[in-house]
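Residue numbers (my numbering): 33 to 144.
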């Protein structure tokens, strides 16, 4: 299962890199979202995909699942949601002001 998750993480990183290197601001935002999802899956895979009982007192079990990676990923999801919403508002506002989402035109490098 770790091999499959590693392949999925690699595909997510590849697609995110492709989208981040494009000229459209909306594609860059989608690429950062994919990159954060790939990082979340990478954290989960690196911690080991284990089967076990939740670490609660009073429940006897042979193996317990480690809750720390899930807590870190949940925190990272909340932070990435905030950053993505900020990026979307920033892109919408820049589109209202400048009328384009092309990165070259936003930088002032017009080829016209």
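Glycine residues also receive a C-beta, built at the ideal position from the N, C-alpha and C atoms.
The distance from the Cβ of residue 81 to that of residue 105 is about 13 Å, inconsistent with a contact at the 8 Å cut-off.
Excluding the 5 residues flanking it on each side, residue 57 has same chain C-beta neighbours closer than 6 Å at 123 and 133, in chain order. Taking a C-beta distance under 8 Å as the contact criterion, residue 67 and residue 60 do not qualify as a contact pair.
Within the DSSP bridge table, the entry for residue 126 names no partner. In the three-state reduction of the DSSP assignment, residue 56 falls in the strand class, which pools E and B.
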